[in-house]
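K.L.:
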Amino acid sequence: MAIADHKLTPVLIGIHLVALPMYSRLPPYILLTMAVLTLWSLLIIAGRARQPKAWLRIVLAGVVIVALLASYGTVFGQEPGIAMLLMLSFLKLFEMKARRDVLLIIFVGYFLVATHFFHSQSPWIAAYVFVVVIYLTSLLIVFSDRLGSTDFKTRMTMSARMVLQAIPLMLVLFVLFPRIQGPLWSLPDDAKSATTGVGDEMSPGSINDLISSSAVAFRVQFKGEPPAPKDLYWRGLVLSHYDGKTWRRDDAPEDLQPELSAVSAAAQPVEYAVMLEPHGRKWLYSLESLVSLEGGYSVTRELQVLTKKEIISVFSYAMTSSLRSRNRSLSAQEREKNLLLPQDFNEKSVTLARRLRMAAGDDAEYADSILNYFNTETFSYTLSPPLLGDNAMDDFIFNTRAGFCEHYSSAFVYLMRAAGVPARVVVGYQGGTLNPLDDYMIVRQSDAHAWAEIWLADKGWMRADPTSAVSPDRIDFGILGAGLEAGRMPFMLASNNKWLLQLRYTADSLNHNWNKWVVGFNEKKQQALFESLGIEDINKSTLFSWMVVAMTLMGGVVAWWVFRQGERKSKRDVASYYYSLFCRKLERAGLMKQPSESPDEFLVRIVQHFPHLKDKASLITRQYQQMRYGGEADDGHKKRLVLAVKQFRAR
Amino acid sequence: MGNSYSIAHKSGEIWTGQANLQPITFKSDRLLANGTSVSFISSARAFFQWPDFTRKPVFKFIAKRIGPFNGTVTLDRRRVYILPTRAGLVFLLLLLLLLVGSVNYNKSLGFVLTFILLGLGNVILFATWKNLAGSRLRAGGSLPVFAGEKAGFAVQLENQSVQTRYSIAVSHQGREYEVVDVPGEAVALAHFQVDAARRGILQAGRFRLSTEFPTGLFVAWTWIDLSMQTLVYPRPALSAEIPISTSVEAGDQPMQSAGMEEYAGLRKYQPGDSWRRVAWKVVARTDELVTRQYHGGQPQLQWIDWQSLSVSGSEARLSVMTRLVIDAEAAGRNYGLRLPGVEIEPAHGRSHYGHCLKALALYGDS
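So the sequence lines, in the order shown, correspond to chains A and B.
Under the working numbering, think of the first position of the first sequence as 4, with each following residue one higher.
Under the working numbering, think of the first position of the second sequence as 2, with each following residue one higher.
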């Protein structure tokens with residue numbers, strides 16, 4: 004049996020609802036194929052075209068494969084896989100023979116909506132998916148309603164009610180299902196893509212690009228007062244290797260243990276918990292200098308915190324840093340590494356470095372003189388820096404003199420190394436805004452920053468931020484206060500409208516709690532939840548048996564809920580109930596209704612026995628008969644009957 | 002070929018056995034003709050049908066719940082069974098896939114989606130079950146048929162809840178006959194057919210009510226025997242088989258031979274009429290079954306007598322007599338019936354006609 008063509012419409016809408024959030028990231032060939040297939044099925048629905056023949060369907064499948072190959076180069080992997088499933092749903096529209104074909108499309112739809120969570124787990128996408136699930140379920144109703152007697156509204160109501168009734172069981176399972184730290188197998192490479200954030204190398208422009216993004220990098224909750232803005236340097240990676248254009252990581256070997264314990268914990272410790280948005284990389288951000296942290300992360304000698312797996316969903320961790328302590332470790336190998344520069348380039352800069360070093364008393368004084376140089380010379384802070392040539396440093400220091408934090412940190416480290424002072428670039432974020440509605444700090448992509456660290460023999464590694472020499476406001480007032488080109492700033496951030504700000508903070512607060520309790524709900528959170536209830540050391544098998552018990556109980560509750568629907572007293576039942584109450588009252592007064600007697604006959608007898616009750620008894624009898632047998636009883640009848648019976652006194 | 006017309010043509014109403022009930026008109030277009038490929042039958046077959054395990058002697062206790070019952074049966078929880086359909090099993094597989102994906106990619110919202118779909122499955126299980134359970138069944142009446150035809154039975158489905166019960170299918174002997182909706186606080190009729198092979202009393206036996214509404218992921222069903230029965234008249238002999246020596250009395254003229262019949266006009270098709278006499282051209286034009294009538298000055302009174310028939314075999318004899326009864330009634334004659342031990346005085350009219358056919362149907366039973 005072919006599914007009637009007009010029934011294609013809701014299915015077509017369903018596929019598009021499923022695909023809507025991916026439109027923006029689907030490649031043009033796929034979008035084009037999708038548009039053509041949609042148009043075609045619309046023509047079929049309108050009766051202007053026929054269902055394609057078998058050979059044409061094969062051709063269509065071929066076209067889809069070619070479009071996939073042209074867009075992705077492969078049909079395997081996450082993104083091509085999702086696109087392929089979507090395309091298959093469209094193709095299936097053209098060969099809907101039986102109900103199972105439609106069911107297949109709907110099931111693929113249920114699966115595809117889950118893939119949205121690869122890209123976002125925001126409350127908005129969750130709400131959207133919820134609505135789509137209701138719609139897809141209503142499609143199931145379309146195809147099991149064999150007489151076609153339900154209309155759209157009925158189906159949506161039914162479906163919404165069923166999905167709502169599914170929530171209790173979902174909550175029970177969500178809390179109790181034993182969480183395993185995934186992945187079960189290695190993820191495909193592209194599972195980690197499509198995230199923004201600071202990368203693991205830095206070249207001119209790499210941070211610049213992040214500035215126009217208002218996306219949240221992470222949120223921080225401080226125990227106690229948050230540090231002053233000038234201390235909010237969130238260290239991500241240390242970049243030590245420079246090839247004349249790009250700074251890269253050159254970590255110390257892993258077996259060299261960092262000296263975390265050597266750092267005095269007494270010096271102004273700051274405790275904080277971070278909810279990191281997925282950035283697809285393997286590192287965490289910490290305030291300098293890191294003193295201690297919970298969890299099994301590895302800490303390198305450069306005090307970078309690395310994770311074993313890429314962070315592909317919201318990740319929370321807790322740390323303690325000390326604003327006073329310094330990292331004092333420097334091996335000979337590290338010294339050599341942090342002095343290395345590409346040979347035979349930027350000779351003018353090298354000369355400048357040597358000259359200023361000669362003039363300075365020690366390394367610290369030299370660093371100050373460089374910062375001073377940036378400050379007093381005509382250097383400017385801009386989001387649109389001119390391009391640099393092969394001798395990038397010479398070009399920047401002597402010609403263009405306009406750049407962003409990556410230019411300044413890079414130039415500063417270069418000049419330090421040229422003069423024999425070990426130095427390195429640090430990338431991460433600087434600053435953060437407190438959400439006044441909820442006690443946490445938001446660090447955005449626009450707070451991305453690069454600065455430098457120099458080694459001073461008596462002090463250890465010292466932070467030096469050359470950007471602050473050029474634009475001190477950048478550090479004190481954040482990126483918005485740095486006097487940069489407003490057009491490049493994220494619109495939402497740049498606005499000063501009070502209402503908009505309030506709205507933004509409320510939305511972010513919602514997001515934060517969502518991340519904390521829903522998206523970030525993992526093994527640790529689960530355990531913490533039970534600990535807060537006084538249940539310690541719960542293992543997976545206990546949890547599992549609890550889950551089964553709770554599921555059964557909840558299943559029973561839901562069953563009761565479902566069965567109770569529609570069983571509420573109908574008008575006829577109400578009428579019978581109150582009429583029998585009326586009869587019982589008369590019975591107590593000594594007058595019993597015979598089973599064979601009709602209400603009218605009984606009324607005659609009532610009037611004979613109790614003439615004074617004539618009006619009331621006939622009113623009740625009339626209302627009862629109207630409700631029980633009359634075609635059009637309304638709420639008025641019911642009210643009158645109920646009231647009359649309640650007030651009725653036989654004696 | 003002789004029986005392949007839909008019972009929709011036969012009657013627009015069925016009288017139920019209970020006197021206080023009005024004749025219930027059913028929508029005949031939903032009834033299925035023999036062998037007509039109406040869409041939903043094939044789609045239903047594509048789906049999973051669980052074996053009827055109640056036939057196994059081990060499950061006798063289940064058989065007790067099936068009946069036969071007289072009067073009203075409420076489909077309570079012991080009588081309604083439920084299992085996932087094939088689609089339901091695929092849905093379960095989907096859930097498993099989603100769960101593994103959520104664990105693997107560590108997506109909290111993946112878990113939320115998986116669990117909400119699992120919860121949905123749970124709700125659907127109850128909703129499907131409830132769509133059938135709790136309805137009240139009553140035998141809805143049937144019409145007598147001729148042997149070789151299909152006997153139509155109606156089941157009254159009463160819905161006491163205020164919610165409509167959608168898409169309830171009735172099937173018999175593994176064949177689905179009709180799908181009905183029962184609106185809230187209302188009664189609907191569901192029809193099915195049983196092959197009437199032999200004359201006599203035909204037991205409808207047990208039938209199956211099932212529903213996959215609202216999603217098709219589960220199927221809820223019940224087997225019920227409502228002790229429904231109907232009368233099956235003997236198969237009418239074709240006109241050509243009628244021997245000339247049929248006893249005709251009180252007529253002045255002798256019966257003319259079959260070959261000498263003359264065309265006497267058209268009349269509405271009567272059950273048992275020969276297909277050869279159907280005026281197909283007229284049928285094509287008017288969409289109504291009509292038979293060509295012939296007569297050759299037949300007498301006004303006719304005795305249809307067992308003894309006077311020179312036909313061998315009692316069933317064949319009954320067949321011929323049935324044909325004669327049909328023809329005599331159609332021609333508006335007075336006719337009487339003589340069977341060994343039974344004699345029905347000549348008369349005509351619907352009740353006399355039924356009376357005679359019943360006597361023929363039950364001949365030799367008692």
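Don't be surprised by glycine CBs; every beta carbon is placed ideally from N, CA and C.
1) Could you spell out the range, first to last residue, of the beta strand (DSSP E) harbouring Lys151 of chain B?
2) For Ser387 of chain A and Trp454 of chain A, what's the separation of their Cα atoms in angstroms?
3) In whole angstroms, what separates the C-alpha of Phe547 of chain A from that of Leu176 of chain A?
4) Identify the continuous beta strand (DSSP E) that holds Phe208 of chain B and give its terminal residues.
5) With respect to the alpha helix (DSSP H) encompassing Asn375 of chain A, which residues constitute its N-terminal and C-terminal limits?
6) Could you name the residues that DSSP lists as bridge partners for Pro85 of chain B?
7) Taking the C-alpha atoms as reference points, what is the distance between Tyr75 of chain A and Leu11 of chain A?
8) Use the C-beta contact count for Ser38 of chain B: other C-beta atoms within 10 angstroms, 16 or more gives buried, fewer gives exposed.
9) Using only the alpha-carbon positions, how far apart do Leu361 of chain B and Gly342 of chain B sit?
10) Excluding the 5 residues preceding and the 5 following Arg251 of chain A in the sequence, name in chain order all residues of the same chain whose CB lies nearer than 7 Å to its CB.
11) So which residues on chain A does Ile91 of chain B lean against when the C-beta distance must stay under 9 Å?
12) Does any CB atom of chain A fall closer than 8 Å to the CB of Val180 of chain B?
13) Can you tell me whether Asp196 of chain B is helix, strand or coil according to DSSP?
14) My assumption, with CB atoms under 8 Å, is that Trp222 of chain B sits in contact with Arg207 of chain B. Please give the rounded CB distance.
15) I believe Val317 of chain A touches Gln124 of chain A by the beta-carbon criterion, under 8 Å. Please report the beta-carbon distance rounded to the nearest angstrom.
16) Between the beta-carbon of Tyr417 of chain A and the beta-carbon of Phe377 of chain A, is there less than 8 Å?
17) With 9 Å as the C-beta to C-beta threshold (strictly closer), list the residues of the region 104-127 of chain B near chain A in chain order.
18) Under 7 Å Cβ-Cβ, which residues of chain A neighbour Ala88 of chain B?
19) Near Ala70 of chain A, which residues of its chain fall below 6 Å by C-beta distance, leaving aside the five closest residues on each side in sequence?
20) Please classify Glu456 of chain A: is it buried, with 16 or more other beta-carbons within 10 angstroms of its beta-carbon, or exposed?
21) Is it the case that the Cβ atoms of Ile315 of chain A and Gly364 of chain A are separated by a distance below 8 Å?
22) In the DSSP output, what is Phe566 of chain A paired with across the bridge?
23) By Cβ distance, which residues of its chain are closer than 7 Å to Glu346 of chain B, with the 5 residues on each side in sequence left out?
24) Taking C-beta pairs closer than 7 Å, name the residues in chain B that Gln168 of chain A reaches, listed in chain order.
25) Would you verify that the beta carbon of Gly365 of chain B is, or is not, closer than 8 Å to some beta carbon of chain A?
26) List the endpoints of the continuous alpha helix (DSSP H) containing Thr231 of chain B.
27) Asp2 of chain A to Ala231 of chain A, Cα distance in whole Å?
28) Tell whether a beta-carbon distance below 8 Å holds between Val146 of chain B and Val156 of chain B.
29) Helix, strand or coil: which one does DSSP assign to Asn514 of chain A?
30) Would you identify the three-state DSSP class for Leu386 of chain A, choosing helix, strand or coil?
31) Which residues mark the beginning and the end of the beta strand (DSSP E) in which Ile214 of chain A is found?
32) Is any heavy atom in the ligand NAD found nearer than 7 Å to the beta carbon of Arg222 of chain A?
33) Going by DSSP in three states, Ala578 of chain A sits in which element: helix, strand or coil?
34) If the cut is a Cβ gap below 8 Å, which residues of chain B does Thr153 of chain A touch?
35) Quick check: is the beta carbon of Gln529 of chain A nearer than 8 Å to any beta carbon in chain B?
36) Inspect the CB distances between the region 168-187 of chain B and the region 106-114 of chain A and report whether three or more fall short of 8 Å.
P.N.:
In this structure, then:
1) Taking the second sequence and counting its residues from 1, the one referred to as residue 151 of chain B is at position 150. For Lys151 of chain B, the enclosing beta strand (DSSP E) has its first and last residue at Lys151 to Asn160.
2) As a first step, residue 387 of chain A is located in the first sequence; it is residue number 384 there, counting from the start. As a first step, residue 454 of chain A is located in the first sequence; it is residue number 451 there, counting from the start. Separation of Ser387 of chain A and Trp454 of chain A (C-alpha to C-alpha, rounded to the nearest whole angstrom) is 19 Å.
3) Translated into positions along the first sequence, residue 547 of chain A becomes position 544. Translated into positions along the first sequence, residue 176 of chain A becomes position 173. Those two C-alpha atoms are separated by around 10 Å.
4) The count along the second sequence starts at 1 and reaches residue 208 of chain B at position 207. Its beta strand (DSSP E) spans residues Arg207 to Thr212.
5) One-based indexing of the first sequence puts residue 375 of chain A at position 372. Annotation for Asn375 of chain A: the continuous alpha helix (DSSP H) segment containing it runs Asp366 to Thr379.
6) To locate residue 85 of chain B, count along the second sequence from 1; it is residue 84. BP columns for Pro85 of chain B point to B:Phe219.
7) Numbered from its first residue, the first sequence carries residue 75 of chain A at position 72. Numbered from its first residue, the first sequence carries residue 11 of chain A at position 8. About 29 Å.
8) As a working mapping, residue 38 of chain B is identified with position 37 in the second sequence. Its pLDDT being 33, under 50, Ser38 of chain B is placed unreliably by the model, and nothing is read from it.
9) Taking the first residue of the second sequence as 1, we reach residue 361 of chain B at position 360. Taking the first residue of the second sequence as 1, we reach residue 342 of chain B at position 341. Going from the Cα of Leu361 of chain B to the Cα of Gly342 of chain B covers about 12 Å.
10) Reading the first sequence from its first residue, position 248 is the one you call residue 251 of chain A. The beta carbon of Arg251 of chain A lies closer than 7 Å to those of Glu204, Leu242 and His244 in the same chain, with the five residues before and after it left out.
11) In the second sequence, the residue the question calls residue 91 of chain B occupies position 90. What sits at residue 91 of chain B in the sequence shown is Val, not Ile. For Val91 of chain B, the neighbours in chain A by C-beta distance under 9 Å run, in chain order, Arg103, Leu106, Leu107 and Phe110.
12) Here residue 180 of chain B is taken as the residue at index 179 of the second sequence, counted from 1. With 8 Å as the cut-off, Val180 of chain B counts as an interface residue toward chain A.
13) Along the second sequence, read from residue 1 onward, the residue named residue 196 of chain B stands at position 195. Reduced to three states, the DSSP call for Asp196 of chain B is strand.
14) Start at 1 with the first residue of the second sequence, and residue 222 of chain B comes out as number 221. Start at 1 with the first residue of the second sequence, and residue 207 of chain B comes out as number 206. In this structure Trp222 of chain B does not touch Arg207 of chain B by the C-beta definition: roughly 12 Å separates them, more than the 8 Å allowed.
15) In the first sequence, counting from the first residue as 1, residue 317 of chain A sits at position 314. In the first sequence, counting from the first residue as 1, residue 124 of chain A sits at position 121. Between Gln124 of chain A and Val317 of chain A the Cβ distance is about 7 Å, and since that is below 8 Å, they are a contact.
16) As a first step, residue 417 of chain A must be located in the first sequence, where it is residue number 414. As a first step, residue 377 of chain A must be located in the first sequence, where it is residue number 374. Cβ atoms of Tyr417 of chain A and Phe377 of chain A: not closer than 8 Å.
17) Listed by position along the chain: Val104, Asn105, Tyr106, Asn107, Lys108, Ser109, Leu110, Gly111, Phe112, Val113, Leu114, Thr115, Phe116, Ile117, Leu118, Leu119, Gly120, Leu121, Gly122, Asn123, Val124, Ile125, Leu126 and Phe127.
18) Here residue 88 of chain B refers to the residue found at position 87 when the second sequence is read from its first residue. For Ala88 of chain B, the chain A residues whose Cβ falls inside 7 Å of its Cβ are Arg103 and Leu106, in order along the chain.
19) Sequence index remark: in the first sequence, residue 70 of chain A carries index 67 (1-based). The residues are Tyr32, Ile33 and Thr36.
20) Indexing the first sequence from 1 puts residue 456 of chain A at position 453. The residue is buried, with at least 16 neighbouring Cβ atoms inside 10 Å.
21) What you label residue 315 of chain A is simply residue 312 of the first sequence in a count that begins at 1. What you label residue 364 of chain A is simply residue 361 of the first sequence in a count that begins at 1. It is not a contact, given that the beta carbons lie outside the stated cut-off.
22) Within the first sequence, residue 566 of chain A is the residue found at index 563, counting from 1. Bridge partners of Phe566 of chain A: none, in fact.
23) Taking the second sequence and counting its residues from 1, one reaches residue 346 of chain B at position 345. Gly337.
24) Mapped onto the first sequence, residue 168 of chain A falls at position 165. Taking a Cβ-Cβ cut-off of 7 Å, the neighbours of Gln168 of chain A in chain B comprise Val124, given in sequence order.
25) Along the second sequence, read from residue 1 onward, the residue named residue 365 of chain B stands at position 364. Closer than 8 Å: no.
26) Locating residue 231 of chain B in the second sequence gives position 230, where the first residue counts as 1. In the DSSP assignment, Thr231 of chain B falls outside any alpha helix (DSSP H) and lies within the beta strand (DSSP E) extending over Gln230 to Tyr234.
27) This structure cannot settle anything about residue 2 of chain A, because the visible part of chain A is limited to 4 through 654.
28) The count along the second sequence starts at 1 and reaches residue 146 of chain B at position 145. The count along the second sequence starts at 1 and reaches residue 156 of chain B at position 155. Contact flag unset, no.
29) Residue mapping note: residue 514 of chain A aligns to position 511 of the first sequence, counting from 1. In the three-state scheme derived from DSSP, where H, G and I count as helix and E and B as strand, Asn514 of chain A is classed as helix.
30) Within the first sequence, the letter at position 383 stands for residue 386 of chain A. Leu386 of chain A carries a coil assignment under DSSP once its states are collapsed to helix, strand and coil.
31) Locating residue 214 of chain A in the first sequence gives position 211, counting from the first residue. Segment: none, Ile214 of chain A is in no beta strand (DSSP E) and carries neither H nor E.
32) Looking for the ligand NAD in the displayed structure turns up nothing, as the structure carries no ligands at all.
33) Residue 578 of chain A sits at position 575 when you count from the first residue of the first sequence. Shown here, Ala578 of chain A sits in a helix according to DSSP, grouped into three states.
34) Residue 153 of chain A sits at position 150 when you count from the first residue of the first sequence. Taking a Cβ-Cβ threshold of 8 Å, the residues of chain B close to Thr153 of chain A are Tyr167, in chain order.
35) Within the first sequence, residue 529 of chain A is the residue found at index 526, counting from 1. Judged by the 8 Å Cβ criterion, Gln529 of chain A is not in contact with chain B.
36) No, the region 168-187 of chain B is not in contact with the region 106-114 of chain A.
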